[in-house]
Amino acid sequence: MITPRFSCSQTDTSVIVSMYCPSIRAAEVEINIDEMTLTVHVKPYFLRLNFSHALLEDDESSAQYDPSSGYLTITMTKESKGQDFKDLDLLAKLLAPRTTTHQPVIEVLSSDNGNESDLVSKTQGLSLEENLSLEQEEIKKAAKNDWQLPQQAPETLVSFETSLQKYYGFLNMHHGYLRHVIHTENEVNELGADAETCTVDERTKRRIDHEDEKWDGEHYMADYMDDEYIRGLLDWTHPLADGPFEYTEKENAEMLRLPRKEYIATPQQTHNLYLTLVTILYSYAYDARTTQLDPTPESAWTMCVLTPAFSALDPPNMRPTTGKEPLIFSQEEVIAALIPSYRRSLAFPLYRSFYLVDKCRTDVAGFLTKGRRMVMRCLLQMKDILDHHEVYHVYSKIWLNDFCLWISAYADDETLEKLGKVLAEIKIAKALIGWNLEELETAALESLERESDSDDLSSEDSDDFYHAPL
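For the sequence shown, the UniProt record's numbering puts the final residue at 470, and the numbers step up evenly by one.
Here it is, written out as structure tokens:
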């Protein structure tokens with residue numbers, strides 16, 4: 001079945017869905033409204049949308065088909081007049097399956113065994129101390145008579161793997177995409193032929209080793225002293241969306257092409273996804289600022305090489321969470337998640353300036369505080385660049401496709417805003433990068449002063465020469 005192009009809008013009393021389904025028979029259209037779910041079926045198209053509030057199919061509801069334009073317009077009545085249906089422009093969220101929670105269907109109301117009921121009531125009547133004493137006496141009797149005491153398996157077992165295959169990508173859902181990576185022109189892959197079998201610890205080690213290998217102190221000093229062009233990049237302002245937000249037709253079409261998936265992430269995985277999102281947006285922000293939002297043939301390489309989750313399959317993996325408290329991001333863990341991005345920005349691209357690197361952090365903070373729609377727009381622009389690259393499109397498949405759907409359907413604007421505020425407040429010290437940046441900057445300034453003094457002396461000698469008598 002084909003998912004048609006569609007758009008949604010609303011009035012105070014109705015929700016309107018407009019579907020593009022040319023060359024159909026209006027008599028064959030099947031429309032069903034079940035509380036918050038709309039289902040439309042007409043060969044070869046099928047559309048199921050899940051809304052945030054209930055809808056009615058009454059006399060005011062209607063469906064009209066215009067053969068000349070090919071659009072089917074469905075008008076549904078809101079159950080509560082004036083209710084605001086949010087996120088009607090997040091098409092991927094409307095298409096996502098509705099999450100259901102299954103409750104136990106069997107409940108024990110009573111027992112016919114009178115003796116057992118008496119025993120239960122007596123046990124419940126005991127105090128905590130009496131229960132503990134009773135339990136200790138039973139344990140002593142069991143040890144004396146060699147009874148088989150209850151046993152429990154350890155809470156954590158030693159991991160045992162029978163396969164060399166390792167998973168990676170969004171929620172570790174993917175594998176096999178890099179099996180033949182050495183036979184492609186993938187210049188960002190840092191795991192070589194072992195991309196499918198490297199453990200998590202090995203990925204981190206190889207990433208750090210490669211960053212240290214590519215680090216060039218002289219290149220950093222040269223950009224530190226000759227920073228006229230970099231200053232221009234620092235003055236550039238990213239055109240963040242202001243006022244009413246509306247996706248373009250191209251962005252809507254791209255969202256409709258996203259996979260139809262349902263994600264069941266643990267609190268720990270959700271926590272790490274937000275931090276991984278920061279590193280991905282950072283790579284986008286760096287390329288956007290250095291190209292001033294005019295992508296070059298090197299843009300795909302730049303964004304991939306600056307993202308640890310792409311180049312080394314090594315996303316942030318932070319502290320465990322219990323899931324009982326709301327998502328909270330400490331400054332320490334946000335800094336830890338960003339340090340690899342800082343290191344890579346100082347080791348790989350053409351421009352290597354700590355001030356430029358730090359400026360991109362504030363760009364990401366601005367994206368996050370704008371909420372899901374702004375983040376989605378950044379990811380779609382990044383995805384468009386990677387999708388059109390003959391090699392790096394693989395990273396769009398294992399990361400960006402899922403991230404775009406997850407952002408629109410599962411991410412939370414309030415959480416994104418909190419994360420953006422933390423990102424705006426943090427200060428990443430140069431000492432955390434690990435390459436003695438402050439010493440190199442001091443040496444560069446001293447070298448510049450020596451050259452200036454030497455030029456002054458040369459100028460005086462030149463004056464003496466020209467004024468010397470013949």
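Even for Gly, the Cβ is constructed at its ideal location relative to N, Cα and C.
Contact belief for Ile280 with Phe403 at Cβ below 8 Å, rounded distance in angstroms: As a first step, residue 280 must be located in the sequence shown, where it is residue number 280. As a first step, residue 403 must be located in the sequence shown, where it is residue number 403. With 8 Å as the limit, Ile280 and Phe403 qualify as a contact, their Cβ atoms being about 7 Å apart.
For Leu94, collect the residues of the same chain with a Cβ closer than 8 Å to its Cβ; drop the 5 residues on either side in sequence, then sort them by chain order. On the sequence shown, residue 94 is found 94 positions in, with the first residue counted as 1. Closer than 8 Å at Cβ, skipping near neighbours: Cys8, Leu49, Asn50, Phe51, Asp87 and Leu88.
Whose C-beta lies closer than 7 Å to the C-beta of Thr276 among residues of the same chain, with five residues either side of it excluded? As a position in the sequence shown, residue 276 is number 276, starting the count at 1. Cβ neighbours of Thr276 beyond the five flanking positions: Ala309, Pro315 and Pro316.
Among residues of its own chain, excluding the 5 on either side of Ala285, which ones have a beta-carbon nearer than 6 Å to its beta-carbon? By one-based count along the sequence shown, residue 285 stands at place 285. Around Ala285: Cys360, Asp363 and Val364.
In the DSSP assignment, the alpha helix (DSSP H) including Gln165 goes from what residue to what residue? Taking the sequence shown and counting its residues from 1, one reaches residue 165 at position 165. Looking at the DSSP string, Gln165 is not in any alpha helix (DSSP H), and its letter there is neither H nor E.
Buried versus exposed call for Glu107 [16 or more other C-beta atoms within 10 Å across all chains shown]: Taking the first residue of the sequence shown as 1, we reach residue 107 at position 107. The predicted model places Glu107 with a pLDDT of 42, which falls under 50 and marks its position as unreliable, so this point remains unresolved.
Range of the contiguous alpha helix (DSSP H) that encloses Ala288: For the purposes of this step, residue 288 is taken as the residue at position 288 of the sequence shown. Note, Ala288: alpha helix (DSSP H), Pro267 to Thr291.
Residue range of the alpha helix (DSSP H) that includes Ile339: Here residue 339 is taken as the residue at index 339 of the sequence shown, counted from 1. That run of the alpha helix (DSSP H) goes Gln331 to Ala347.
Using alpha carbons as the reference points, say which of Asp223, Leu313 and Tyr392 lies closest to Pro297. Within the sequence shown, residue 297 is the residue found at index 297, counting from 1. For Pro297, the nearest C-alpha among the options comes from Tyr392.
Span of the beta strand (DSSP E) around Asp34: Here the question's residue 34 lines up with position 34 in the sequence shown. Note, Asp34: beta strand (DSSP E), Glu30 to Asp34.
If the criterion is Cβ atoms closer than 8 Å, does the pair Val42 and Val29 meet it? As a first step, residue 42 must be located in the sequence shown, where it is residue number 42. As a first step, residue 29 must be located in the sequence shown, where it is residue number 29. Cβ atoms of Val42 and Val29: closer than 8 Å.
Determine the burial state of Met173: buried for a count of at least 16 other Cβ atoms within 10 Å of its Cβ, exposed for fewer. Residue 173 sits at position 173 when you count from the first residue of the sequence shown. Burial call: exposed.
Roughly how many angstroms lie between the CA atoms of Ala26 and Asp412, to the nearest whole one? Here residue 26 refers to the residue found at position 26 when the sequence shown is read from its first residue. Here residue 412 refers to the residue found at position 412 when the sequence shown is read from its first residue. The alpha-carbon atoms of Ala26 and Asp412 are separated by roughly 39 Å.
Distance between Asn272 and Thr11 (C-alpha atoms, nearest Å): If you number the sequence shown from 1, residue 11 lands on position 11. If you number the sequence shown from 1, residue 272 lands on position 272. Between Thr11 and Asn272, the C-alpha separation is close to 38 Å.
Rounded to whole angstroms, what is the Cα-Cα separation between Cys378 and Tyr274? As a first step, residue 378 is located in the sequence shown; it is residue number 378 there, counting from the start. As a first step, residue 274 is located in the sequence shown; it is residue number 274 there, counting from the start. One C-alpha to the other measures close to 15 Å.
Find out if the Cβ-Cβ distance for the pair Leu55, Ile74 is shorter than 8 Å. Translated into the one-based positions of the sequence shown, residue 55 becomes position 55. Translated into the one-based positions of the sequence shown, residue 74 becomes position 74. Cβ atoms of Leu55 and Ile74: not closer than 8 Å.
Measuring straight from C-alpha to C-alpha, what distance separates Ile339 and Glu332? On the sequence shown, position 339 is the one that residue 339 refers to. On the sequence shown, position 332 is the one that residue 332 refers to. So the two alpha carbons sit approximately 11 Å from each other.
For Ile407, which of helix, strand or coil comes out of DSSP? Position 407 of the sequence shown, counted from the start, is the residue given in the question as residue 407. Correct three-state label for Ile407: helix.
So for Met19, helix, strand or coil by DSSP? As a position in the sequence shown, residue 19 is number 19, starting the count at 1. If DSSP states are grouped into helix, strand and coil, Met19 belongs with the strands.
N-terminal and C-terminal residue of the beta strand (DSSP E) that Ala63 is part of: On the sequence shown, residue 63 is found 63 positions in, with the first residue counted as 1. Run containing Ala63: Ser62 to Asp66, per the beta strand (DSSP E) assignment.
Run through the stretch 412–436 for me and flag every whole alpha helix (DSSP H) of 4 or more residues, listed as ranges in chain order. 413–425
Could you give the DSSP three-state label for Ile74: helix, strand or coil? Stepping through the sequence shown from its first residue, residue 74 is reached at position 74. Strand.
Taking the alpha-carbon positions, what's the Ser459 to Met318 distance? Walking along the sequence shown from the start, residue 459 turns up at place 459. Walking along the sequence shown from the start, residue 318 turns up at place 318. Here the model assigns Ser459 a pLDDT of 49, short of 50, so the residue's position is not dependable, and the following value carries that caveat. Approximately 58 Å, taken between the alpha carbons.
By Cβ distance, which residues of its chain are closer than 7 Å to Arg343, with the 5 residues on each side in sequence left out? Sequence index remark: in the sequence shown, residue 343 carries index 343 (1-based). Only Glu211 and Ile433 meet the Cβ criterion.
Identity of the residues DSSP links to Tyr45 by a beta bridge: Taking the first residue of the sequence shown as 1, we reach residue 45 at position 45. Answer is Ile2 and Val42.
Phe465 versus Leu448 - alpha carbon distance: In the sequence shown, counting from the first residue as 1, residue 465 sits at position 465. In the sequence shown, counting from the first residue as 1, residue 448 sits at position 448. Confidence is the limiting factor: at Phe465 the pLDDT is only 32, short of 50, which leaves the residue's position unreliable and the question unanswerable from this model.
His174 bridges to which residues according to DSSP? To locate residue 174, count along the sequence shown from 1; it is residue 174. According to DSSP, which records beta bridges pairwise, His174 is partnered with Tyr168.
Going along the chain, which residues of its own chain have a beta-carbon closer than 6 Å to the beta-carbon of Tyr20, five neighbours each way excluded? Here residue 20 corresponds to residue number 20 of the sequence shown, with the count starting at 1. Closer than 6 Å at Cβ, skipping near neighbours: Pro4, Arg5, Gly70 and Tyr71.
Using only alpha-carbon positions, find the residue among Thr13, Leu47, Thr270 and Glu246 that is nearest to Asp58. Start at 1 with the first residue of the sequence shown, and residue 58 comes out as number 58. Nearest option by C-alpha distance: Thr13.
Where Gln381 sits in the DSSP three-state scheme: To locate residue 381, count along the sequence shown from 1; it is residue 381. Of the three classes helix, strand and coil, the one that applies to Gln381 here is helix, per DSSP.
Which stretch, first to last residue, makes up the alpha helix (DSSP H) that contains Glu202? In the sequence shown, the residue the question calls residue 202 occupies position 202. Val200 to Lys214 is the span of the alpha helix (DSSP H), which, as asked, contains Glu202.
Per DSSP, what kind of secondary structure is Leu90 in: helix, strand or coil? Residue 90 sits at position 90 when you count from the first residue of the sequence shown. Three-state result, Leu90: coil.
Tell me whether the beta-carbon of Glu190 lies closer than 8 Å to the beta-carbon of Arg179. Here residue 190 refers to the residue found at position 190 when the sequence shown is read from its first residue. Here residue 179 refers to the residue found at position 179 when the sequence shown is read from its first residue. Not closer than 8 Å, so no.
How far does the alpha helix (DSSP H) with Met318 in it reach, from first residue to last? Translated into positions along the sequence shown, residue 318 becomes position 318. Neither: Met318 is in no alpha helix (DSSP H) and is coded neither H nor E.
Please name the residue in Leu91, Asn436 and Glu60 whose C-alpha comes closest to that of Lys250. Against the sequence shown, residue 250 aligns to sequence position 250. For Lys250, the nearest C-alpha among the options comes from Leu91.
Using a Cβ distance threshold of 8 Å, determine whether the stretch 245–261 contacts the stretch 366–383, with at least three qualifying pairs required. yes
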